[in-house]
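> If you're matching positions, the sequence shown starts at -10 in my numbering and goes up one per residue. The C-beta atom is built at its ideal place from N, Cα and C for all residues, glycine as well. The structure presented is a predicted model; accordingly, all values stated were derived computationally and were not measured.
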Amino acid sequence: MLSICGDDALLELSSPGKSGSFFYFTNDDKYMIKTMKKSEVKVLLRMLPAYYKHVRSFDNTLVTKFFGLHCVKITGAIQKKVRFVIMGNLFCSNYSIHRRFDLKGSSHGRTTDKPIDQIDETTTLKDLDLNFIFRLEGSWYEDFCRRCILSHGPENTFFMVTDSSSPDNETTQTALEDEEKRKAPVKLGISMPSRVENVVKNPDSESQLIGEPTGEFQDVILFFGIIDILQDYDISKKLEHAYKSMQYDPNSISAVDPKQYCKRFRDFIYRAFSEDVQ
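Now the structure itself:
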């Protein structure tokens, strides 16, 4: 309550998402406010009983946590209803973030439009930009896989990586100096110590999602969450799928049947993440 209704102003994201929604962050970075379409509100209300049961059963879920759904009617010459949801900010952290990825498991159009020399820590990279495989410690990997199986049909996955060996990341270095602390229990999806193995992709393949391992590793801390779960596979998505299927491989486009989406997503995740057997 103090985070949202305190004296500090909300911080607006510099640009709205493709959906046209606007995003605001609380000053302490703990919560996010997102404006919603009426169709998204209907999806949330419809799934609310199952969502509530899931979150109650799995407190450490990877799925976005919603805390409130509201509607404000603006009076005046132009009367308008503004619908918005309050949710936890999955990536509230004191660590310096080095890479951000938005993953769907599809390949068509799934690359950043920025040239390499303009990519920085604020750039959201996509599936085809992924140039490494994540290696998780055994117990974390098992828990991670179980959580992914329990999260049905996500719209897309967002995760961020911080390089634990970077000289400009004092906080991370301090956190990992003690090996015992590094192996201490962590909250899945919030900060998972991990290793990444660099991969190389076939230059002749423009749609290769996962490359071949090189044996080159580096330590990182991984922040992971399943977001944008309120997109319904409605008539507009079905038409999008039909139209794009006439031009591209139907399996490569983002808009597909939910069951196919879920299977493709899981298959991709199980290839991008594996158990660290060092």
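Which of the three DSSP states, helix, strand or coil, is assigned to Gly127?
helix
> Cβ atoms of Leu(-1) and Phe14: under 8 Å apart, would you say?
yes
> Sorted by chain position, which residues of the same chain lie with C-beta nearer than 7 Å to Asp221's C-beta, five sequence neighbours on each side aside?
Ser28 and Val32
> For Glu29, does the three-state DSSP call read helix, strand or coil?
helix
> Would you mind working out which of Val188, Glu110, Gly65 and Lys69 sits nearest Asn120, comparing C-alpha positions?
Val188
> Out of Ser96, Phe212 and Lys69, point me to the one whose CA is closest to Ala244's CA.
Ser96
> If I'm right that Arg124 touches Val185 with Cβ under 8 Å, what's the distance once you round it to whole angstroms?
7 Å
> Is Pro182 buried or exposed, if buried means 16 or more other CB atoms sit within 10 Å of its CB?
Within a 10 Å sphere around the beta-carbon of Pro182 sit 16 or more other beta-carbons, which makes this residue buried.
> Using 10 angstroms around the beta-carbon of Arg260, count the other beta-carbons present and answer buried if the total reaches 16, otherwise exposed.
With a threshold of 16 other beta carbon atoms within 10 Å, Arg260 falls short and is exposed.
> Less than 6 Å between C-beta atoms, sequence neighbours within five positions excluded: which residues of the same chain meet that for Cys60?
Lys70 and Arg72
> For Asp193 and Thr50, what's the separation of their Cα atoms in angstroms?
Approximately 39 Å between the Cα atoms of the pair.
> Determine whether the beta carbon atoms of Gly200 and Leu79 lie at a separation below 8 Å.
no
> Can you grab the Cα-Cα spacing for the pair Tyr237 / Ala66, in whole Å?
46 Å
> Which whole runs of the beta strand (DSSP E) in the segment 7 to 61 are 3 residues long or more, in chain order?
12 to 14 and 20 to 25
> Contact between the segment 247 to 257 and the segment 101 to 112 is defined here as three or more beta-carbon pairs at a separation below 8 Å; is this criterion met?
no
> Run through DSSP, which three-state label would Glu229 get?
DSSP places Glu229 in helix when its eight states are reduced to three.
> If the criterion is Cβ atoms closer than 8 Å, does the pair Met76 and Lys54 meet it?
yes
> Give the single residue among Glu195, Glu131, Tyr84 and Asp132 whose Cα lies nearest to the Cα of Val268.
The displayed coordinates of the chain run from -10 to 267. Any statement about residue 268 would go beyond what the structure contains.
> In three-state DSSP terms, what is Asp167?
The pLDDT assigned to Asp167 is 42, lower than 50, so where the model puts this residue is not dependable, and the model offers no usable value.
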